[in-house]
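Visitor:
Protein chains: 2
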Amino acid sequence: MHGAGGSLMHSLIKEHVIKMLRPYKSFDVPLTLLEDSGVCNDIVFTTDSYTVKPLFFNGGDIGRLAVSGTVNDIAVTGGKPLALSLSLVLEEGFPLDDLDRILTSINLTCREADVDIITGDTKVVERGSLDKMIINTSGIGTRNPLLDRNLEYVNRGSRWLLASNIRAGDKIILSGSIADHGMAILSAREGYSFVSNIASDVRPLNRLIDRALEVGGVVCMKDPTRGGIADLLNEWAEKSHLGITIYEESIPIRDDVKVAASFLGLDPLEIGNEGKVCMAVVPDMVDEVLDAIRELDEGKDACIIGEVTDEFDVVAMKTIVGGTRIIGRPAGDPVPRIC
Amino acid sequence: MHGAGGSLMHSLIKEHVIKMLRPYKSFDVPLTLLEDSGVCNDIVFTTDSYTVKPLFFNGGDIGRLAVSGTVNDIAVTGGKPLALSLSLVLEEGFPLDDLDRILTSINLTCREADVDIITGDTKVVERGSLDKMIINTSGIGTRNPLLDRNLEYVNRGSRWLLASNIRAGDKIILSGSIADHGMAILSAREGYSFVSNIASDVRPLNRLIDRALEVGGVVCMKDPTRGGIADLLNEWAEKSHLGITIYEESIPIRDDVKVAASFLGLDPLEIGNEGKVCMAVVPDMVDEVLDAIRELDEGKDACIIGEVTDEFDVVAMKTIVGGTRIIGRPAGDPVPRIC
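Quick note, the sequences are listed as chains A and B, same order. Sequential numbering of the first sequence, starting at 1, is according to my numbering. Sequential numbering of the second sequence, starting at 1001, is according to my numbering.
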């Protein structure tokens, strides 16, 4: 279960990776903060390895996923994506047509996000020692020039967009419907015909993020990937030592995704996206930010889904039927290898 | 054979990766130059995925290899290594003791090279879909402050250390004995008792590289990894459109490595190191550079192994018995998965 995001993965990372590495210099955003990117000398730096199965799915492929994921990790921390690296590890005999299709998708997604691949590495390993391919994309970004203006409306200590910036009263915006990517992967993998129209939402979000920063008042952002918004909001609650209230009725979800998740006994709050972002925004600015991102196709379904409170320190959901449900951190993702 | 470095891998990279990606902005050192790092906005950026088998070997392990390889790729391009990313993909059930040992080695090698891990990613995939683990380390560096002084002695167009800087008359320095790493891996993998004392030379080389740049006159550097110095020198000849003459008698090689390679029918020129560097240096400065790096343990066996010529455009070796042998680019590495 370690592999799927959620609390078991977090304990693996905290009790092994962070513990053994003991970083010893100080940085603007060090590894120990476990944010989506690190920052040193105003360079935003991030890495992700992609093992998604299948490699091609409704709405995207591993190449589009890799570029989008890396661009989004830079952008949510306050970086302007500048360049990516591409490392391919291929199983011997990997079809060259599939490779070309994935590389073409990488190229197109790079253009969409206005970044280039500037360094790479390619290795081929013997048959049977790897399931088809793994892609690593790392990325660098400069400090987003919109960040200083954005922070004029925020006085929270950090020059970057961090979970520790969150304060009671901040509103939570979600840029669109939840669980699309995870359900699309599940559908492609299992061949469930009743979810066959669900497409992944995988896409670069730097344009939408810039639109929000132009308005200002954003204190923190993160894309809900592995573990869905349940994992994301619990991370924010932990790091800010505050509670978060969300309203079930305000959480955008496609009808077919809702039905499919219900049929499969999965909680859509725990299923990841790859083209959505959560933002914590100061209350005075939240409506203006919402209006701005709704003008874009990738933000047209954006909603305020909740707010931060100092009355408790967990994530609580006001349900449609009138109760309150505590949303825990998922132990593992119900849909592994979604990214 | 694609996987092992050499000409088949180069055709895979040129005819698929570079062709499909079509980078569209211009950079100081773009992907298309196929150097060890790319450079944009004076940020040196590199990536490598490590699939070495076995994970632990005489002289090192996959963690030390990853940190050293990435640090060295930054340093040879003219960067001062600043920070690394660490992405781990683990097979389900991977022993946590081994993970801790590898992470500890990463930490120690980072301190040796004076860099930190500042961002990371960890994924676990189901058993059978990966042979134990893959590590990706990417790295960023700032422009090495010694580079401007070094280039006072060189007038070759680029502000960076590139193969295209090479001119006829330049001398080739090799910092120590060839083939150590590849033979150590082969020994660990096959259990050949007659090579059991051969240790990998894997180490960060940024200190040695700084020492050379302090003297000045270095036009180009590269570490001979996959494909050995045969691959490296052919790459330099191709990119500079010049020939290179090397002298067999001057190439440092340990006796036990020579005997083992001969016994196994392998050409040590094609077997990789992970702790050596080749430098092309202007003739006026070469002796001073050599003296400087010989003062360090990691450069004590450094030699001038050859020179650049405009009389032909291949790599030619004057053999000990008195003839001349053309050194071709290896089709594939005789020892796959050495890094």
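The C-beta atom is built at its ideal place from N, Cα and C for all residues, glycine as well.
#1: Do the stretch 1160-1180 of chain B and the stretch 1105-1113 of chain B touch if we need at least three Cβ pairs shorter than 8 Å?
#2: With burial defined as no fewer than 16 other Cβ atoms inside 10 Å of the residue's Cβ, what is the status of Pro1054(B): buried or exposed?
#3: Can you tell me whether Phe1027(B) is buried or exposed? The criterion is at least 16 other CB atoms within 10 Å of its CB, across all chains shown.
#4: With a Cβ-Cβ cutoff of 7 Å, do Thr309(A) and Ala83(A) count as a contact?
#5: Could you name the residues of the stretch 34-52 of chain A whose beta carbon sits closer than 7 Å to any beta carbon of chain B, in the order they occur along the chain?
#6: Identify the continuous beta strand (DSSP E) that holds Glu1091(B) and give its terminal residues.
#7: Look at the Cβ atom of Asp1170(B), then the Cβ atom of Gly1243(B), and state whether they are nearer than 7 Å.
#8: Pick helix, strand or coil for Ser26(A), following the three-state DSSP scheme.
#9: Can you list, in chain order, the stretches of the beta strand (DSSP E) that have 3 or more residues and sit fully within the stretch 1176-1253 of chain B?
#10: Tell me which residues share the same chain as Val1115(B) and place their Cβ nearer than 8 Å to its Cβ, disregarding the 5 neighbours each side in the sequence.
#11: Under a three-way DSSP split, which group does Ser1262(B) fall into?
#12: Ignoring anything shorter than 4 residues or poking outside the stretch 260-307 of chain A, list the alpha helix (DSSP H) runs there in chain order.
#13: For Val1257(B), name the three-state secondary structure that DSSP assigns.
#14: Tell me the start and end of each unbroken beta strand (DSSP E) in the stretch 116-168 of chain A that is at least 3 residues and wholly inside, in chain order.
#15: Drop a sphere of 10 angstroms on the beta-carbon of Ser1011(B), count the other beta-carbons inside from all chains shown, and report buried for 16 or more, exposed for fewer.
#16: In its own chain, which residues sit with a C-beta less than 7 Å from the C-beta of Glu311(A), not counting the 5 before and 5 after it?
#17: What does Phe27(A) touch in chain B if you count any residue whose Cβ is under 9 Å from its own?
#18: Show which residues of chain B have a CB atom less than 8 Å away from the CB atom of His16(A).
#19: Look at Thr245(A) and Gly323(A) and say whether their C-beta atoms are less than 7 Å apart.
#20: Helix, strand or coil for Leu21(A)? Go by DSSP, reduced to three states.
#21: Strictly by DSSP, which residues pair up with Asp48(A)?
#22: Using only alpha-carbon positions, find the residue among Trp160(A), Leu186(A) and Gly299(A) that is nearest to Gly265(A).
#23: Please report the straight-line C-alpha distance between Thr1271(B) and Glu1249(B), rounded to a whole angstrom.
#24: For Asp1121(B), count neighbouring Cβ atoms within 10 angstroms of its own Cβ and tell me buried if that reaches 16, exposed if not.
#25: What residues in its chain sit with their C-beta under 6 Å from that of Gly1228(B), if we drop five residues either side in the sequence?
#26: Determine the contact status of Gly1275(B) and Arg1211(B), defining contact as a CB-CB distance below 7 Å.
#27: Determine the extent of the beta strand (DSSP E) in which Thr1324(B) is found, giving its start and end residues.
#28: At the 7 Å Cβ level, is Lys123(A) part of the contact set with chain B, yes or no?
#29: Could you tell me which of Gly217(A), Arg64(A) and Gly128(A) sits nearest to Trp360(A), measuring between CA atoms?
#30: Per the DSSP calculation, Lys53(A) is bridged to which residue(s)?
#31: Compare the C-alpha of Glu1035(B) against each of Ala1184(B), Ile1018(B) and Met1317(B) and name the closest.
#32: Could you round the C-beta distance between Asn1144(B) and Gly1079(B) to whole angstroms and report it? I think they count as a contact, below 8 Å.
#33: Is it true that the CB of Met1221(B) sits closer than 7 Å to the CB of Met1279(B)?
#34: Using a cut-off of 9 Å between C-beta atoms, extract the partners of Thr142(A) located in chain B.
#35: Answer with buried or exposed for Phe263(A), where buried requires no fewer than 16 other C-beta atoms within 10 angstroms of its C-beta.
#36: Determine the burial state of Leu1033(B): buried for a count of at least 16 other Cβ atoms within 10 Å of its Cβ, exposed for fewer.
Guide: This is what the structure holds:
#1: Per the Cβ contact rule, the stretch 1160-1180 of chain B is not in contact with the stretch 1105-1113 of chain B (fewer than 3 Cβ pairs under 8 Å).
#2: Residue 1054(B) sits at position 54 when you count from the first residue of the second sequence. Under this definition Pro1054(B) is an exposed residue.
#3: As a position in the second sequence, residue 1027(B) is number 27, starting the count at 1. Under the 10 Å beta carbon count, Phe1027(B) is surrounded by 16 or more other beta carbons and is classified as buried.
#4: Start at 1 with the first residue of the first sequence, and residue 309(A) comes out as number 309. Start at 1 with the first residue of the first sequence, and residue 83(A) comes out as number 83. Taking 7 Å as the Cβ cut-off, Thr309(A) and Ala83(A) do not qualify as a contacting pair.
#5: Those residues of the stretch 34-52 of chain A placed with their C-beta closer than 7 Å to a C-beta in chain B are Ser37, Gly38, Cys40, Asn41, Ile43, Phe45, Thr46, Thr47, Asp48, Ser49 and Thr51, ordered along the chain.
#6: Stepping through the second sequence from its first residue, residue 1091(B) is reached at position 91. Start and end: Gly1079 to Glu1091.
#7: As a working mapping, residue 1170(B) is identified with position 170 in the second sequence. As a working mapping, residue 1243(B) is identified with position 243 in the second sequence. Contact flag unset, no.
#8: Position 26 of the first sequence holds residue 26(A). Residue state, collapsed to three classes: coil.
#9: The qualifying runs are 1218-1222 and 1243-1247.
#10: Residue mapping note: residue 1115(B) aligns to position 115 of the second sequence, counting from 1. Apart from sequence neighbours up to five positions away, the residues of its chain that approach Val1115(B) with a beta-carbon distance below 8 Å are Val1067, Val1071, Pro1081, Leu1082, Ala1083, Leu1084 and Gly1139, ordered along the chain.
#11: Here residue 1262(B) corresponds to residue number 262 of the second sequence, with the count starting at 1. DSSP places Ser1262(B) in helix when its eight states are reduced to three.
#12: Listed in chain order, they are 286-294.
#13: Here the question's residue 1257(B) lines up with position 257 in the second sequence. When DSSP states are grouped into helix, strand and coil, Val1257(B) belongs to the helix group.
#14: Counting only runs of 3 or more, we get 116-125 and 133-143.
#15: Mapped onto the second sequence, residue 1011(B) falls at position 11. With a 10 Å radius around the Cβ and a threshold of 16 neighbouring Cβ atoms, Ser1011(B) comes out exposed.
#16: For the purposes of this step, residue 311(A) is identified with residue 311 of the first sequence, where counting begins at 1. Hits under 7 Å: Gly243.
#17: Here residue 27(A) refers to the residue found at position 27 when the first sequence is read from its first residue. Ordered by position in chain B, the residues that pass the 9 Å Cβ test against Phe27(A) are Ala1083, Asp1116 and Ile1118.
#18: Counting from 1 along the first sequence, the entry for residue 16(A) is found at position 16. In chain order: Leu1096, Leu1099, Asp1100 and Leu1103.
#19: On the first sequence, residue 245(A) is found 245 positions in, with the first residue counted as 1. On the first sequence, residue 323(A) is found 323 positions in, with the first residue counted as 1. Taking 7 Å as the Cβ cut-off, Thr245(A) and Gly323(A) do not qualify as a contacting pair.
#20: Position 21 of the first sequence, counted from the first residue, corresponds to residue 21(A). Here Leu21(A) carries a helix assignment [DSSP, helix/strand/coil].
#21: Locating residue 48(A) in the first sequence gives position 48, counting from the first residue. Looking at the DSSP output, Asp48(A) sits in a beta bridge with Thr137(A).
#22: For the purposes of this step, residue 265(A) is taken as residue 265 along the first sequence, with counting starting at 1. Nearest C-alpha to Gly265(A): Leu186(A).
#23: Here the question's residue 1271(B) lines up with position 271 in the second sequence. Here the question's residue 1249(B) lines up with position 249 in the second sequence. Note that residue 1271(B) corresponds to Ile in the displayed sequence, not to Thr. Rounded to whole angstroms, Ile1271(B) to Glu1249(B) spans 18 Å at the Cα level.
#24: In the second sequence, the residue the question calls residue 1121(B) occupies position 121. Its Cβ being crowded by 16 or more others within 10 Å, Asp1121(B) is buried.
#25: By 1-based counting over the second sequence, the position of residue 1228(B) is 228. Excluding sequence positions up to five before and after Gly1228(B), its CB lies within less than 6 Å of the CB of Leu1269, Glu1270, Ile1271 and Gly1272, all in the same chain and listed in chain order.
#26: Taking the first residue of the second sequence as 1, we reach residue 1275(B) at position 275. Taking the first residue of the second sequence as 1, we reach residue 1211(B) at position 211. No; because the gap between Cβ atoms is not below 7 Å, this pair is not in contact.
#27: Indexing the second sequence from 1 puts residue 1324(B) at position 324. It spans Thr1324 to Ile1326 - the beta strand (DSSP E) in which Thr1324(B) sits, taken as one unbroken run.
#28: Taking the first sequence and counting its residues from 1, the one referred to as residue 123(A) is at position 123. It does; some Cβ of chain B falls within 7 Å.
#29: As shown, chain A starts at 1 and ends at 339. That puts residue 360(A) outside it, with no answer to give.
#30: Position 53 of the first sequence, counting from 1, holds the residue named residue 53(A). In the DSSP output, where bridge partners are listed per residue, Lys53(A) has none listed.
#31: Here residue 1035(B) is taken as the residue at index 35 of the second sequence, counted from 1. The shortest C-alpha separation from Glu1035(B) is found at Ile1018(B).
#32: Position 144 of the second sequence, counted from the start, is the residue given in the question as residue 1144(B). Position 79 of the second sequence, counted from the start, is the residue given in the question as residue 1079(B). Between Asn1144(B) and Gly1079(B) the beta-carbon gap is near 6 Å, inside 8 Å, which marks them as a contact.
#33: Numbered from 1 along the second sequence, position 279 holds the residue referred to as residue 1279(B). Numbered from 1 along the second sequence, position 221 holds the residue referred to as residue 1221(B). Yes, they are a contact pair.
#34: Position 142 of the first sequence holds residue 142(A). Chain-ordered, the chain B residues with CB closer than 9 Å to the CB of Thr142(A) read Asn1041 and Ile1043.
#35: Here residue 263(A) corresponds to residue number 263 of the first sequence, with the count starting at 1. Looking at its Cβ environment, which holds fewer than 16 other Cβ atoms inside 10 Å, Phe263(A) is exposed.
#36: Counting from one through the second sequence, the residue named residue 1033(B) turns up at place 33. Flag for Leu1033(B) reads buried.
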